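Using my numbering, the first residue of the sequence shown is number 92, and each one after it goes up by one. Notes follow the structure.
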Amino acid sequence: MATLRYFPADGSPAILAGLTPSSSFLVALMKAGAPIRHDCGGKALCGTCRVGVTRTEGLSPMRHPERERLSALGLALEGGIRLACQTHSARDSEARGLVPLKKEGQP
Ligand code: FES
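Structure below.
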């Protein structure tokens with residue numbers, strides 16, 4: 092099983108999550124108990140699960156819904172930013188959370 096080393100957006104220590112080809116980064120991170128926002132539940136509609144991927148070998152190709160969401164957020168498509176809910180890899184990977192968790196009382 093490959094490993095995803097995830098650096099949470101709040102700067103807390105890295106978390107290791109097991110990766111399988113059939114589960115997205117988001118699913119793997121949720122199974123590992125990692126703090127990551129996912130306001131739309133993994134449907135490529137919100138962009139809150141976006142991560143900066145620092146090891147890009149073996150990543151699944153970016154599909155239309157992910158391209159559309161990142162473009163709508165004004166993010167470059169070639170800069171290593173991916174939606175965790177749409178990204179898969181069977182190889183060891185590293186990613187950094189870009190959107191902090193909501194604080195109590197935030198919309
Ligand atoms: S959880 Fe909403 S875009 Fe990934």
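Think of the CB as a built atom: it goes at the ideal place given N, C-alpha and C, for glycine as much as any other residue. Note that the coordinates shown come from a computational prediction; the quantities given were computed from them, not determined experimentally.
What residue range is occupied by the uninterrupted beta strand (DSSP E) comprising R187? S184 to G188
Do F116 and T178 have their CB atoms nearer than 8 Å? yes
Evaluate contact between the segment 99-112 and the segment 180-191, counting only Cβ atoms and requiring at least three cross-stretch pairs below 8 Å. yes
Sort out for me which residues DSSP pairs A108 with in a bridge. L95
Segments of 4+ residues assigned as alpha helix (DSSP H) that fall wholly inside the segment 136-175: 155-163
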